[in-house]
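J.: Take this structure first; my questions come after.
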Amino acid sequence: MQRWPFILAVALLFLTGLGIATYRYLDTGMPLLPGQERAVWQIEARIAFTANGGAAEALLTLPPDQNGFEFLSETGASPGFGFAINRAGPQRRAHWSKRDVEGSQTLFYKLDLVQDTGRRVTEEKPRRRSADSFDGAYDTAAKEVLNALTPKSANARSLAEQLIQEINTEPPDQNMSLLLQRYSPVRLIGALLSRADVTARTVKALRLRDGRRRQRLRDYLQVWHDDGWLLFDPRRGLIEDTAHILVWQTGNPAVLEVIGGTRSRVTFSMVSQDQPALGLARERYNPFDLSLQNLPIAEQGMFKLIMTLPVGALVVVFMRLLVGVRTSGTFMPVLIALAFLQTELLAGLIGLVLVVGAGLLLRFYLSALNLLLVARIATIVVLVIALVTVLAVVSYRLGLISGLAITFFPMVILAWTVERMSILWEEEGPLEALIQGAGSLLVAVLAYLVMSLAPVRHLAFNFPELHLCVLAAILLLGRYTGYRLLELHRFTPFLKRSP
Amino acid sequence: MNWLVSPRTLRRQGVMGMNQRNLHFVGRYNPREAYPLVDNKLRTKRLAEKAGIPMPDLLHEVSRQHQIEAIEPNLSQLGEFVIKPAHGSGGKGILVIASRDRGAFVKSSGERVDLNHIKHLLTNIISGLYSLGGRSDDAIIESLVRTHPMFSKLSIDGVPDIRVIVFKGFPVMAMLRLGTHASDGKANLHQGAIGVGIDIQTGEGVGAVQRNRPLTKHPDTGEPLQGIAIPNWRDLLTLAARCHDVTGLGYLGCDIVIDAEKGPLLLEMNARPGLGIQIANGNGLGQRLKAIEALELFAPSLEERVDLAMNGLAGRAME
């Protein structure tokens, strides 16, 4: 294409992207920067079970009204099932039923809520219930544990903190280890507190993290203190900032009960949005509204990730064409950056270097086996998976949860990286392999840093039309014929010839 | 600052950058469909044979595993030969057998290898270890080039070759590449081979560089690198210029070796020749290429093109 039509096309793309974004900004009031307070969360509970045939019922316990959150709307979409919400008692429950079902079933419950840290719900101190009572030897042990701790604590809150600290000491003292054989930590703390006349209860709660899928509820402990509940993590103690913890179930009924079915389970997905996005979401019946907020929540989380890819691609284009960094595999760095987004940078970096390094060592043994290429890559895929498994298990054993993050890396990409690096190593020498490996890592880290910027993520998801501008920038870079930054170094021999 | 040079300085000397090469020359003058002709050395050989361009003789080609199992009788008749992948680049996967010692094969470096080593290499080649993208490949067994006596002390292991950049059929810049220990005998500048800039008009050396640094003596042999003059310069340029005619590639690099008996032989061609040749020559390609783009000649003959190159068409353009 000639110069001017090209520039015109690029300008047109750029202006179109900017124009649509501006229009949508003015029309919907969608903020240009991510807001911190009053974020809207959309939470989706996905219930799966296998119906036995005949009538089936599913009961899902729903979160109670609580501090810090305001519920906006809830729906229970499930084809063919009757749906109702039972509001009897403090614990609401969703109720699905169908007369004749067989095979695997999926039910959805969706909840929109606004995070509002200032909101308070008045709660009544519950009547004391008969606590879990200890029997026989356990009662003696419980008594001794409490006798040792009560003098050290001033009130319910400090007693709970003492208990959590005590229960997590390694190794636990004799009485504690006896009790732990019988009770789970959460139940034990609850029972001990009740025995000391402290009002406490175990609850199940959901941690709100943007874009997460297939999450489960976790056990927490609530202790009544000064006209309200305090939330405790049974491992870490008091949680001061409860803004991202949604209490889902308190008290007795189980989270999920299925009658007439087996293998039932419930998982949670969630995304957060800025308030005006909800305005859009409310108008979701408008057939002309094509925004990403219309998608199911699990897929929205996916798209939040996918939408940052073009930005990463732009970073790669920039680094290769303008700076001249050599990478192994053109867009491999973007895929690695994408994995970094899910693993956190440091854990991901360490895991990647470990797996690729160990993979390279194994690969050098493989070259002695004289295999055909496809078989060799397949072998490396298997080896990489073994390495990842070992790494995950060992790091978990060492108490490094972040080691598990390595599973987010695409295995086949890791295998190809190992293969490429080893060929580079054998053919061009370790220096070239190091240069390209470091180049890839550098570009991946830069891409990660850009892709993880909150404003970038916000704009990429809420104003997808801005990707036209990214495209325009990539097209422009694609016609750049000037020197690369590293060439200015490479061609230094021309320095002394300059007049 | 002497680790950075300003873009203005480079532009004034017509130094061409990678982006410009890709977009303006490789992208514009090299038709996509002509790439396989040069990327696949078997096709290059057939093409050259038909056009009468001299290349090292093709002794055998191996494309299947069962041929490797039965390779022994073929090799036993050969005293010296070269194995290379048809899609190789940068000297990867090349084995040079210079002589035999009873059953063993002796490499040009003097190292001895056995038949299994050769079979292993052939398996690697046909499984695509050395080809771009890992596609399965063919292995070529061809006759060994005997180093011209004047080069014998200039290169370690491998035969030195002369890279000529040919633009629209005009030879524009040339460089002699000498293997070193650092480059493992390969004539690849990235790996530490020496590049000796060659005056395109006369075929005489103008200065040598290794890894971007100028040098006057071969680091391994101590042989002086000044006063080199390539024999049969005109024949060599004519050979390079013909490569354009048979491939249709507008911007290409021809790698030519000088055999002690047969004279200039085409070794291979490259549709994306590197930029290091500018450093070896201490001169940018930019002005020479522009001068040729500006030429208004209708289908100049082979002789005319070589004449123009040797009469300093590019040199004049630089003034």
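If you read the protein sequences in the order shown, they are chains A and B. If you read the first sequence in our numbering, its first letter stands for residue -13, the second for the next number, and so on. If you read the second sequence in our numbering, its first letter stands for residue 441, the second for the next number, and so on. Don't be surprised by glycine CBs; every beta carbon is placed ideally from N, CA and C. Predicted model, so just to flag it, every value in this text is computed and none were measured.
1) Roughly how many angstroms lie between the CA atoms of Q328/A and K111/A, to the nearest whole one?
2) State whether the segment 220 to 229 of chain A contacts the segment 139 to 153 of chain A, with contact taken as three or more CB pairs (one from each stretch) at a distance under 8 Å.
3) When Cβ atoms are compared, which residues of the segment 579 to 601 of chain B fall closer than 9 Å to chain A?
4) Check the Cβ-Cβ distances between H464/B and every residue of chain A, and say whether any is below 7 Å.
5) Buried or exposed for Q235/A, please, with buried defined as at least 16 other CB atoms from any protein chain shown within 10 angstroms of its CB.
6) Among R682/B, P713/B and A720/B, which residue has its Cα nearest to the Cα of I493/B?
7) Taking the DSSP output, what are the residues bridged to L655/B?
8) Measuring only between beta-carbons, confirm whether N710/B sits less than 7 Å from chain A.
9) How would you label K626/B, buried or exposed, when you count the other beta carbons within 10 angstroms and need 16 or more for buried?
10) State yes or no: is the beta carbon of I638/B nearer than 7 Å to at least one beta carbon in chain A?
11) Who are the near neighbours of T188/A in its chain, counting only those whose CB is closer than 7 Å to its CB and skipping five residues on each side?
12) Could you list which residues in chain B have their beta carbon closer than 7 Å to that of H475/A, in chain order?
13) Can you list, in chain order, the residues of its chain whose CB lies under 7 Å from that of A7/A, leaving out five sequence neighbours each side?
14) Taking C-beta pairs closer than 8 Å, name the residues in chain A that M615/B reaches, listed in chain order.
15) Tell me, please, which residues DSSP counts as bridged to M256/A.
16) Taking the DSSP output, what are the residues bridged to E330/A?
17) Could you tell me how far apart the beta carbons of A34/A and R251/A are, in whole angstroms, since I believe they sit closer than 8 Å?
18) Any C-beta of chain B sitting closer than 7 Å to the C-beta of F94/A?
19) If you measure from the beta carbon of L359/A to each beta carbon in chain B, is any gap under 7 Å?
20) Checking contacts by CB at 7 Å: is V553/B closer than that to chain A?
21) Kindly indicate if chain B contains any beta-carbon less than 7 Å away from that of P(-9)/A.
22) From the DSSP output, read off the bridge partner residues of K190/A.
23) For N141/A, does the three-state DSSP call read helix, strand or coil?
24) Report the option in L331/A, Q286/A, G345/A and E412/A whose CA atom is closest to the CA atom of I371/A.
25) Between the segment 689 to 723 of chain B and chain A, which residues of the former have a C-beta closer than 7 Å to a C-beta of the latter?
26) For S567/B, go through chain A and note every residue whose CB falls closer than 7 Å to its CB, in chain order.
27) Below 6 Å CB to CB, which residues in the same chain sit around V553/B once its five sequence neighbours on both sides are set aside?
28) So is Q259/A buried or exposed if we call it buried at 16+ other beta carbons inside 10 Å?
29) Using a Cβ cut-off of 7 Å (strictly closer), state whether V(-4)/A contacts chain B.
30) Closer than 8 Å by C-beta to H475/A: which residues in its own chain qualify, once you throw out the five before and the five after it? Chain order, please.
31) Classify N72/A: buried if its beta carbon has 16 or more other beta carbons within 10 angstroms, exposed otherwise.
32) Answer yes or no: do L355/A and T2/A have a C-beta to C-beta separation smaller than 7 Å?
33) Using alpha carbons as the reference points, say which of S446/B, R451/B, L444/B and W443/B lies closest to N723/B.
34) Name the chain B residues that come within less than 7 Å of F480/A, Cβ to Cβ?
35) Among A622/B, T642/B and T687/B, whose alpha-carbon lies nearest the alpha-carbon of V612/B?
36) Within a Cβ cutoff of 7 Å, which residues of the same chain sit near V341/A, ignoring the five residues on either side of it in sequence?
T.: Answer, in terms of the structure:
1) Here residue 328/A refers to the residue found at position 342 of the first sequence. Here residue 111/A refers to the residue found at position 125 of the first sequence. The straight-line gap from Cα to Cα measures roughly 41 Å.
2) yes
3) none
4) Stepping through the second sequence from its first residue, residue 464/B is reached at position 24. For H464/B, the answer is yes, since a Cβ of chain A falls inside 7 Å of its Cβ.
5) Taking the first sequence and counting its residues from 1, one reaches residue 235/A at position 249. Classification for Q235/A: buried.
6) Numbered from its first residue, the second sequence carries residue 493/B at position 53. Nearest of R682/B, P713/B and A720/B to I493/B, Cα basis: R682/B.
7) The residue labelled residue 655/B in the question sits at position 215 within the second sequence. Paired residues: A648/B.
8) As a position in the second sequence, residue 710/B is number 270, starting the count at 1. Taking Cβ atoms only, chain A never reaches closer than 7 Å to N710/B, which makes this a no.
9) Taking the first residue of the second sequence as 1, we reach residue 626/B at position 186. By the neighbour-count rule (16 or more Cβ atoms within 10 Å), K626/B is buried.
10) Residue numbering aside, residue 638/B sits at position 198 when the second sequence is read from its first letter. Taking Cβ atoms only, chain A never reaches closer than 7 Å to I638/B, which makes this a no.
11) By 1-based counting over the first sequence, the position of residue 188/A is 202. Excluding sequence neighbours, T188/A sits near V172, R173, G176, D205 and L207.
12) Numbered from 1 along the first sequence, position 489 holds the residue referred to as residue 475/A. Ordered by position in chain B, the residues that pass the 7 Å Cβ test against H475/A are W443 and L444.
13) Stepping through the first sequence from its first residue, residue 7/A is reached at position 21. So the qualifying residues of the chain are F449, E451 and L452.
14) Here residue 615/B refers to the residue found at position 175 of the second sequence. The contacting residues do not exist; M615/B stays about 14 Å from chain A at best.
15) If you number the first sequence from 1, residue 256/A lands on position 270. In the DSSP output, where bridge partners are listed per residue, M256/A has I29/A.
16) Here the question's residue 330/A lines up with position 344 in the first sequence. Answer is none; E330/A lacks a bridge partner.
17) Position 48 of the first sequence, counted from the first residue, corresponds to residue 34/A. Position 265 of the first sequence, counted from the first residue, corresponds to residue 251/A. That belief holds up - the Cβ atoms of A34/A and R251/A are roughly 6 Å apart, short of 8 Å.
18) Residue mapping note: residue 94/A aligns to position 108 of the first sequence, counting from 1. Chain B, which has no Cβ nearer than 7 Å to the Cβ of F94/A, makes this no.
19) For the purposes of this step, residue 359/A is taken as residue 373 along the first sequence, with counting starting at 1. Yes, its Cβ sits closer than 7 Å to a Cβ of chain B.
20) Here residue 553/B corresponds to residue number 113 of the second sequence, with the count starting at 1. It does not: the Cβ of V553/B has no partner Cβ on chain A nearer than 7 Å.
21) Your numbering for residue -9/A matches position 5 in the first sequence. It does not: the Cβ of P(-9)/A has no partner Cβ on chain B nearer than 7 Å.
22) As a working mapping, residue 190/A is identified with position 204 in the first sequence. Looking at the DSSP assignment, K190/A forms a beta bridge with D205/A and Q235/A.
23) By 1-based counting over the first sequence, the position of residue 141/A is 155. N141/A: coil per DSSP, three-state reduction.
24) For the purposes of this step, residue 371/A is taken as the residue at position 385 of the first sequence. For I371/A, the nearest C-alpha among the options comes from G345/A.
25) I719 and G722
26) In the second sequence, counting from the first residue as 1, residue 567/B sits at position 127. Correct list: L358 and L359.
27) The residue given as residue 553/B occupies position 113 in the second sequence. Hits under 6 Å: F545.
28) For the purposes of this step, residue 259/A is identified with residue 273 of the first sequence, where counting begins at 1. Buried.
29) On the first sequence, residue -4/A is found 10 positions in, with the first residue counted as 1. With 7 Å as the cut-off, V(-4)/A does not count as an interface residue toward chain B.
30) The residue labelled residue 475/A in the question sits at position 489 within the first sequence. For H475/A, where only same-chain residues beyond five positions count, there are no Cβ hits under 8 Å.
31) Translated into positions along the first sequence, residue 72/A becomes position 86. Per the 10 Å Cβ criterion, exposed.
32) Reading the first sequence from its first residue, position 369 is the one you call residue 355/A. Reading the first sequence from its first residue, position 16 is the one you call residue 2/A. No; because the gap between Cβ atoms is not below 7 Å, this pair is not in contact.
33) Locating residue 723/B in the second sequence gives position 283, where the first residue counts as 1. The shortest C-alpha separation from N723/B is found at R451/B.
34) The residue given as residue 480/A occupies position 494 in the first sequence. In chain order: V445, T449, L450, Q453 and V455.
35) Here residue 612/B corresponds to residue number 172 of the second sequence, with the count starting at 1. Taking only the C-alpha atoms, the option nearest V612/B is T642/B.
36) By one-based count along the first sequence, residue 341/A stands at place 355. Result list for V341/A: V370, L373, V374, L377, I392 and L400, in chain order.
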